[in-house]
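Whatever position you read off the sequence shown (first residue = 1), add 16 for this note's numbering.
Just so you know, even glycine gets a beta-carbon here, dropped at the ideal spot from N, CA and C.
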Amino acid sequence: MSVVLDELRVALGTRADTALITDAASLAEVGVDTSGARRGAAFALVRPVTTEEVQAIVRVADRHEVPIVAQGSRSSLAGAASATDGSILVDFSRMRQILVIDPLERLAVVQPGVRVEELAEAVERQGLFYAPDPVSSHLASIGGTVATNAGGMRCIKYGVTRDSIRSLEVVLADGSVINTRRNTIKSVAGLDLTSLLVGSEGTLGLVTEITVSLHSAPGPSLGVSAMFPSIGEALDAANEIATGVTPPSVLEMLDDVALEAFRRYDPSIEVPDAARAWLLAVTDSRVAADAELDGFEAAFARNGAITVRRAETAEELDQLFATRRALHPGLQAYLGASLNGDIAVPRGALGEVVERADEIATPFGVVISIGGHVGDGNLHPVVAYDPGDAEQTRLAHAAQDALLAVAQDLGGTVTGEHGIGTEKLHALDGELSPRVRELQRAIKAAFDPKGILNPGAKL
C-alpha cells in the first residue's frame with residue numbers, strides 16, 4: 017500500500033499533510049457510521065476540496081483496484097458509510113460550499129458536504145424552501161441524503177430527497193466526470209441517471225456537486241395533536257387526513273408502547289392513562305391554514321380522540337414535536353438499548369403491522385414500539401432490549417429481522433429511507449426477484465467494472 021499512499025500524496029499536492037490521514041487510531045474512529053456496523057479497517061482517509069482532487073483520488077484507487085467508501089457526516093443507519101478492509105475513505109466534509117442559489121430557476125447548486133439545515137436556512141433567507149427534512153438535518157450532509165435517498169416527516173406532501181434533486185455531477189470509478197442531465201425543470205433526454213444514482217449508497221459513483229430544486233417559502237407550520245384510546249382509531253383518523261383534499265405537511269403516529277415509555281422517560285409529556293396512540297398533523301399552507309387545522313381536529317373527533325391539542329405558534333408546535341422526537345431516546349432508556357427500524361408498507365396494511373409486531377414481541381421476549389411517518393406508510397419500529405443480556409440482544413436482532421419479513425409479506429419494503437447498506441443485505445431476496453437483482457448487478461458492473469465503489473453494500 018506504500019505505492020498507493022505515495023500516489024495519493026502526489027494527487028493531493030501541498031494539501032497532503034492535512035488532507036491525508038493514515039494513523040490507525042484516527043482511522044478506527046472514523047471507520048464506522050452511526051449504525052455501529054463495523055465492516056473492516058481502512059488504510060487511508062482523504063479529505064478532498066474539489067472535484068479534481070476526487071478525480072485524482074479515484075484514479076489512484078482504480079489503478080490499484082483499491083476499495084473506496086464515501087463518507088459525509090457518517091449518520092448512516094445501515095452501515096453504508098462504514099469502512100471496508102483495505103479501503104480509502106473519501107470524506108466530503110470539506111466540500112461544503114453553496115455555489116449557487118437561483119430564485120428565477122428555483123434551484124441551488126451545492127457541494128456534498130453542505131448540511132441539510134445549512135442549505136434550508138440559506139435559501140429561506142431568500143424566500144425559498146428546500147423540502148427534504150431528515151430528522152438529523154442538523155447533522156446530515158446533502159451528499160449523504162442523496163446517497164440514501166433520505167426522507168423525513170414532510171414526505172407526505174413534498175416527497176423524498178430524489179423528488180428534489182435536479183441533476184448531479186459524479187466522478188465515476190475510472191475517474192471520469194459526468195453531469196447526469198441539464199438543469200431545466202423538465203428533461204427526458206436519455207435514461208434517468210439522476211434518479212438511478214440517488215439512493216445508490218456510493219456504489220455507482222462519487223457525487224461531487226448537487227443541483228436541487230427549490231419551492232417558494234410555505235406558510236408557518238401549525239399543527240394539532242391528539243391522543244386516542246386505540247391504535248385502530250388513530251389509524252382511521254390518519255387515513256382520513258392523509259386522503260383528504262389538502263394533504264398535511266406532516267402526519268406522525270406513536271403507539272401505546274411509546275406512550276408507556278414516555279411516562280417513564282419524561283413525565284412532563286402528558287399522557288392520559290387511557291391513551292393508546294398519538295397523532296400529529298401539521299399544515300404549512302399559506303392560505304386557509306386555520307381551516308385545515310379545524311379539519312384535522314374534526315377528523316380526530318370523529319375517530320374517538322380523547323384529548324386534542326392545537327399549536328398555533330412555533331413554540332407550541334415545537335412542544336408537540338418534542339413528543340415525536342422522544343420516540344428513540346424514550347425507547348432506548350426503556351431497557352437500556354434499542355434497534356431502530358425503517359420499513360414501509362401500503363397505508364392499508366398499517367394496522368396489520370401493529371398486530372404482527374405484538375405477535376413477534378411476546379415469543380421473542382422484547383419490547384417493540386411502532387411509530388413514524390404514518391402519512392406515507394414509512395414506519396420506524398423500535399425494538400427495546402437489555403444490552404447486558406446476550407440472549408436478549410440476540411433475540412432483539414432476530415425480532416428486527418422478523419419485522420422486515422412482515423413488511424415484505426404485506427407488500428412493503430425493508431427500508432423506506434435509511435437504505436440497505438450492509439445491515440439489510442440478507443433481506444433483499446425476500447423483496448427483489450432474481451431477475452431484478454441480476455439487472456441491478458449488471459448496472460453496477462457497467463458503472464464500476466472493477467467493483468471498487470463501496471463493495472459489499474447495497475446490492
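Can you find the residues in the same chain that come closer than 6 Å, C-beta to C-beta, to residue i, ignoring five residues on each side of it along the sequence?
i	result
residue 260	none
residue 249	319, 320
residue 143	233
residue 38	60
residue 155	89, 91
Might you give, ordered along the chain, the residues of its own chain that have their beta carbon closer than 7 Å to the beta carbon of residue i, omitting 5 neighbours on each side?
i	result
residue 363	255, 258, 393
residue 76	20, 23, 24, 27
residue 370	247, 271, 386
residue 129	88, 108, 109, 110, 111, 112, 157, 159
residue 152	91
Could you work out which residue in the options is closest to residue i when comparing CA atoms only?
i	options	result
residue 43	62, 367, 30, 31	62
residue 382	100, 273, 465	273
residue 190	220, 198, 443, 150	220
residue 357	380, 85, 371, 412	412
residue 211	163, 88, 246, 78	163
residue 96	137, 233, 151, 50	50
residue 280	227, 232, 347, 202	347
residue 199	209, 182, 213	182
residue 70	225, 141, 160	225
residue 466	29, 81, 36	81
residue 240	213, 209, 314	314
Using a Cβ-Cβ cut-off of 8 Å (strictly less than) and excluding sequence neighbours within five positions of residue i, which residues of its own chain qualify?
i	result
residue 207	none
residue 435	92, 93, 94, 96, 163, 164, 165, 215, 217, 474
residue 291	243, 244, 245, 272, 275, 322, 323
residue 438	53, 55, 94, 95, 96, 98, 472, 473
residue 367	247, 248, 251
Can you name the residues that DSSP bridges to residue i?
i	result
residue 271	293
residue 135	DSSP lists no partner for residue 135.
residue 168	149
residue 222	187
residue 66	Beta-bridge pairing links residue 66 to no other residue.
residue 124	117, 228
residue 239	298, 327
residue 144	232
Indicate the three-state DSSP secondary structure (helix, strand or coil) for residue i in the structure shown.
i	result
residue 413	helix
residue 361	coil
residue 181	strand
residue 266	strand
residue 6	With the chain covering 17 to 475 only, the question about residue 6 has no answer from this structure.
residue 468	coil
residue 195	strand
residue 43	helix
residue 58	coil
residue 459	helix
residue 212	helix
residue 37	strand
residue 203	coil
Please find out if some non-hydrogen atom of the ligand GTP comes closer than 7 Å to the beta-carbon of residue i.
i	result
residue 225	The ligand GTP is not part of this structure, which contains no ligands at all.
Measuring only between beta-carbons, confirm whether residue i sits less than 8 Å from chain D.
i	result
residue 126	Structure shown: chain D not included; a single protein chain is present.
Whole alpha helix (DSSP H) elements within the region 72 to 120, 4-residue minimum = Look at the region 72 to 120 and you find no whole run of alpha helix (DSSP H) that is 4 residues long or longer.
Could you give the uninterrupted runs of the alpha helix (DSSP H) lying entirely in the region 299 to 357, keeping only those of 4 residues or more?
-> Counting whole runs of 4 or more residues, the region 299 to 357 contains the alpha helix (DSSP H) stretches 305 to 318, 330 to 341, 343 to 351.
At which residue ranges does the region 372 to 456 contain complete beta strand (DSSP E) runs of 3 or more residues, listed in the order of the chain?
-> Listed in chain order, they are 383 to 385, 387 to 389, 398 to 401.
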